[in-house]
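Structure first, commentary second.
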Amino acid sequence: MKFGEIWGRNDGSYGRGKCWVLVVEGIEYDSEKYVKFDVYVNDEDDDDTTPAQTEFAGSFAQLPHKHKGKMKSKTSFKAGLTELLEDLEADDDETILVSLTPRSGGGNVTIEGIKIIYV
């Protein structure tokens, strides 16, 4: 199963010491189960996209553990995008494709949103 969505960037300008960051917000999961998903980024403008043109942005993984009286946990995931966008030659594009690929425990995970910020 693969989930893909196109996400727009807020600002096209670059500044010294700043970078693009992908934020996956509100990841809610059962803390007693192992959860893992991979995050991939691709240039949305490419019509003939292949796996070789996709860049791996990172993985979210959560080992099972118990919290006193609490089974659900909520967190976020962040990954730097500046170099990935340059590698894809997408650093001046308005939109990119972000794909989340469940590896384990995907049926027990909800995500509130994905955004790209410039910090």
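Residue numbers for the sequence shown follow UniProt numbering, so the first one is 1 and each next one is one higher.
For every residue, glycine included, the Cβ atom is placed at its ideal position computed from N, Cα and C.
Is residue i helix, strand or coil when you go by DSSP?
i, result
"residue 95", "strand"
"residue 75", "strand"
If you measure between the beta carbons of residue i and residue j, is that distance less than 8 Å?
i, j, result
"residue 44", "residue 93", "yes"
"residue 76", "residue 26", "yes"
"residue 55", "residue 84", "yes"
"residue 118", "residue 73", "no"
"residue 57", "residue 22", "yes"
"residue 81", "residue 42", "no"
Per DSSP, what are the beta-bridge partners of residue i in this structure?
i, result
"residue 115", "23"
"residue 59", "38"
"residue 101", "38"
"residue 70", "67"
"residue 110", "28"
Alpha helix (DSSP H) containing residue i: first to last residue?
i, result
"residue 83", "82 to 87"
Using 8 Å for Cβ pairs, my map puts residue i next to residue j. What's the rounded Cβ distance?
i, j, result
"residue 104", "residue 40", "Not really, about 17 Å apart at Cβ, beyond 8 Å."
"residue 114", "residue 20", "So it is not a contact: roughly 13 Å between Cβ atoms."
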